[in-house]
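Colleague: Supplied in C-alpha cells, the structure appears directly below.
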Amino acid sequence: MLDAAKAVLDTGVGLDRDGVLAVLTCSDEELPEYLAIAHDVRMRWCGPEVEVEGIVSLKTGGCPEDCHFCSQSGLFASPVRAVWLDIPSLVEAARQTAATGATEFCIVAAVRGPDERLMAQLADGVAAIREAVDINIAASLGMLTQAQVDRLAELGIHRYNHNLETARSYFPQVVSTHSWEERWDTLRMVRAAGMEVCCGGILGLGETVEQRAEFAVQLQELDPHEVPLNFLNPRPGTPLAEQPVLDPKDALRAVAAFRLALPRTLLRYAGGREITLGDLGTRDGLLGGVNAVIVGNYLTTLGRSPAEDLALLDELSMPVKALSATL
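In C-alpha cells:
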C-alpha cells in the first residue's frame, strides 16, 4: 500500500477506505515511511505554513447533551460547573491569542445549540474583539438552525467548528441525546452559507481501526476546510473516564492516515496530544502531515505553552501563516 500512499503525492486525491485502513494497521517498521510520505503530501498540496489558533469558552459546562467524553455535560458527575465569560475577558483572551502570532480565535460554547442570549452575547463579543484585535473569528456553538447559520454569516464568522466526533457507525455508542445526522445537517448549512467548515473528532473513544478508517472517508466526503484531530484525554466523572489513552504509535498512524485521506485539508493538532504523544510525538506529527495547531489551553484541559509550540515550529522551519493570507 506504500505505492497507493505515494500516488496521493502526485494526484492530490486522498486514499480510499482500504488505503486508509492499511496505514492505520501498518507495522512499526513501515510507520516512519508513511509519516514521511504524509509530510511530503502536506508540503506539496498545503505548503509549509502552519495555522495557529487559540480557543476560549464563552459558556462552559452545564451542557444538556451526553457526549460520553465530555466533562462539560451537565448529566455527569464531573468537576466542571457552568460559567459564562464576560465580554472584557473574551476580548483579553483574543488579545493574548493574537500576541502568540495566531491568526484564528475560536469562541466555543457548551450547548446543544445557541439560544437568543448566547447569539446576542456572541454578537457583542465579535464586535468588541473586532474593535480591539486584528484576528479571524471562528465559532463553535453546537447544532444550528438555518436562521442561526444566516446570522453567523452576517456577523462575519468565517469558520464554524462542529465535530462529527467519530464514525457514523460508532456515534450512537458515544452520544445518545442527538444523532450524527443532526450534526451533518448543521455542517451542510454552514457550507451553503459560505462559511468555512471545521470538522474533526476524537480518536481513542473505543472505536475500532476499521471505524477510524470509516471516519476518515466520511470526512473526505464532507471535504471540510479544517480537520482538528483530538485524542481522548479521559476526564473524571465521564463514562469514558477509565478508557485507556491511545497508544502514541497508533496516534501517529492516524495522523499519517488522515493526511493521506485529506491531502489538501488543514489538519490540526487539538486536544489530548500532550498526554498521548508528548514532545517527541508532537514533533513526529508535525513532520507527518499536521499543518495547524491549537496553542495554549483547551476548553477544560491544559495544553502546552504557546512558547513551546512556536519554538518547535521555528526549529522545524515551519512558518506561521500570516493573517493576511487567511482573509
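What the sequence shown shows, in the UniProt record's numbering, is residues 1 to 327, in sequence order.
C-beta atoms are modelled at their ideal positions from N, C-alpha and C, and glycine is treated no differently.
For G142, which of R117, A123, A109, V209 has the nearest alpha-carbon?
Modeller: As a first step, residue 142 must be located in the sequence shown, where it is residue number 142. For the residues R117, A123, A109, V209, the minimum Cα distance to G142 belongs to A109.
Colleague: With C-beta atoms as the reference, is G200 less than 8 Å away from A270?
Modeller: The residue given as residue 200 occupies position 200 in the sequence shown. The residue given as residue 270 occupies position 270 in the sequence shown. A contact, by the Cβ cut-off of 8 Å.
Colleague: How about the region 235-253 and the region 46-65: do they share at least three Cβ pairs that are nearer than 8 Å?
Modeller: Result no; under three Cβ-Cβ pairs closer than 8 Å.
Colleague: According to the neighbour-count rule (16 or more other Cβ atoms, all chains shown, within 10 Å of its Cβ), is L252 buried or exposed?
Modeller: In the sequence shown, counting from the first residue as 1, residue 252 sits at position 252. Burial call: buried.
Colleague: Where residue 341 and P319 are concerned, what is the direct C-alpha to C-alpha distance, given to the nearest angstrom?
Modeller: With the chain represented from 1 up to 327, any question about residue 341 goes unanswered, as that position is not in the structure.
Colleague: Based on the DSSP output, what are the partners of G54 in its beta bridges?
Modeller: Counted from its first residue, the sequence shown places residue 54 at position 54. DSSP lists F105 as partners of G54.
Colleague: Of the residues R168, P172, R191, which one's Cα is nearest the Cα of A213?
Modeller: Sequence index remark: in the sequence shown, residue 213 carries index 213 (1-based). Nearest option by C-alpha distance: R168.
Colleague: Can you give me the Cβ contacts of A123 inside the same chain, cut-off strictly under 7 Å, excluding the 5 residues immediately before and after it?
Modeller: Taking the first residue of the sequence shown as position 1, residue 123 is located at position 123. Correct list, in chain order: L155.
Colleague: Does the Cβ of D185 lie closer than 7 Å to at least one heavy atom of the ligand ZN?
Modeller: Absence of the ligand ZN from the depicted structure is noted, as is the absence of any ligand whatsoever, leaving it without description.
Colleague: When DSSP labels each residue in this structure, what does E207 get in the three-state scheme?
Modeller: Within the sequence shown, residue 207 is the residue found at index 207, counting from 1. The answer is coil: DSSP assigns E207 none of H, G, I, E or B.
Colleague: How about M195 and R151: do their beta carbons lie closer than 8 Å?
Modeller: For the purposes of this step, residue 195 is taken as the residue at position 195 of the sequence shown. For the purposes of this step, residue 151 is taken as the residue at position 151 of the sequence shown. No, Cβ-Cβ distance for M195 and R151 is not below 8 Å.
Colleague: With C-beta atoms as the reference, is L171 less than 8 Å away from L203?
Modeller: One-based indexing of the sequence shown puts residue 171 at position 171. One-based indexing of the sequence shown puts residue 203 at position 203. Note that residue 171 is Phe in the sequence shown here, rather than Leu. No; because the gap between Cβ atoms is not below 8 Å, this pair is not in contact.
Colleague: Tell me the rounded alpha-carbon separation between T300 and R235.
Modeller: Working through the sequence shown from its first residue, we reach residue 300 at position 300. Working through the sequence shown from its first residue, we reach residue 235 at position 235. Only weak support exists for where T300 lies, its pLDDT of 43 falling under 50; the coordinates are left without a value.
Colleague: Tell whether a beta-carbon distance below 8 Å holds between E226 and T265.
Modeller: By one-based count along the sequence shown, residue 226 stands at place 226. By one-based count along the sequence shown, residue 265 stands at place 265. Contact: yes.
Colleague: Between the alpha carbons of A307 and L280, how many angstroms are there, rounded?
Modeller: In the sequence shown, counting from the first residue as 1, residue 307 sits at position 307. In the sequence shown, counting from the first residue as 1, residue 280 sits at position 280. Using only the alpha carbons, I get a separation of about 16 Å.
Colleague: Kindly indicate which residue of L205, D223, A261 has the alpha-carbon position closest to the one of R272.
Modeller: Residue mapping note: residue 272 aligns to position 272 of the sequence shown, counting from 1. Before going further, note that residue 272 is Gly rather than Arg in the sequence given. Measuring from the Cα of G272, the nearest candidate turns out to be L205.
Colleague: Report yes or no: do three or more beta-carbon pairs, one from the region 110-121 and one from the region 131-149, lie closer than 8 Å?
Modeller: The region 110-121, when compared against the region 131-149, does touch it at the 8 Å Cβ threshold.
Colleague: What is the residue span of the beta strand (DSSP E) that R159 lies within?
Modeller: Against the sequence shown, residue 159 aligns to sequence position 159. From DSSP, the beta strand (DSSP E) with R159 extends over 159-161.
Colleague: Should I37 and L15 be called a contact, given that it needs their Cβ atoms to be closer than 8 Å?
Modeller: Counted from its first residue, the sequence shown places residue 37 at position 37. Counted from its first residue, the sequence shown places residue 15 at position 15. For I37 and L15, no; Cβs fall outside 8 Å.
Colleague: Per DSSP, N293 forms a beta bridge with which residues?
Modeller: Position 293 of the sequence shown, counted from the first residue, corresponds to residue 293. According to the sequence provided, residue 293 is Val. The question's Asn does not apply to it. Answer is V52, Y269, bridged to V293.
Colleague: Check this for me: beta carbons of L222 and V41, under 8 Å apart or not?
Modeller: Here the question's residue 222 lines up with position 222 in the sequence shown. Here the question's residue 41 lines up with position 41 in the sequence shown. No, these two residues do not count as a Cβ contact at 8 Å.
Colleague: Would you list the residues sitting across from A138 in a DSSP beta bridge?
Modeller: Your numbering for residue 138 matches position 138 in the sequence shown. Answer is C106, R159, bridged to A138.
Colleague: Check whether the Cβ atoms of L267 and G237 lie closer than 8 Å to each other.
Modeller: Here residue 267 is taken as the residue at index 267 of the sequence shown, counted from 1. Here residue 237 is taken as the residue at index 237 of the sequence shown, counted from 1. For L267 and G237, no; Cβs fall outside 8 Å.
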